[in-house]
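In this text, residue positions in the sequence shown follow this note's numbering: the first is 2, and each later residue adds one.
Glycine included, every Cβ here is placed at the ideal spot set by N, Cα and C.
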Amino acid sequence: MKNSKTVSTHFEAFGFVGEHGSKFYPAKMNMLKNIAPSKQTFGFPNDWGNAAMFYNDAAFKEAGVNMEEVKTWDQFIEAVKN
């Protein structure tokens, strides 16, 4: 995004930032705004983060579940049912 002419500024021009900007964490809004060459909002951040689950490996072993084989959330949900 070296050319500020390619950055969409309609979010601010048409009042979207004023109307919806307060619905987002300021750090997220400022992160995108601060990296834009024009210093104008060019997108609305939804989320950034990791999905993680901590579990008690011993409890799963006791239930006969090998967590090395659990690769998806659906498999995890099935393992929890045991």
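Report back the beta-carbon spacing between M54 and F61 to the nearest angstrom; my notes put them in contact at under 8 Å. About 12 Å; that fails the 8 Å criterion.
Would you report the Cα separation of D75 and A59, rounded to the nearest angstrom?
20 Å
TODO: Give the single residue among E20, G16, K34, A80 whose Cα lies nearest to the Cα of G65.
DONE: A80
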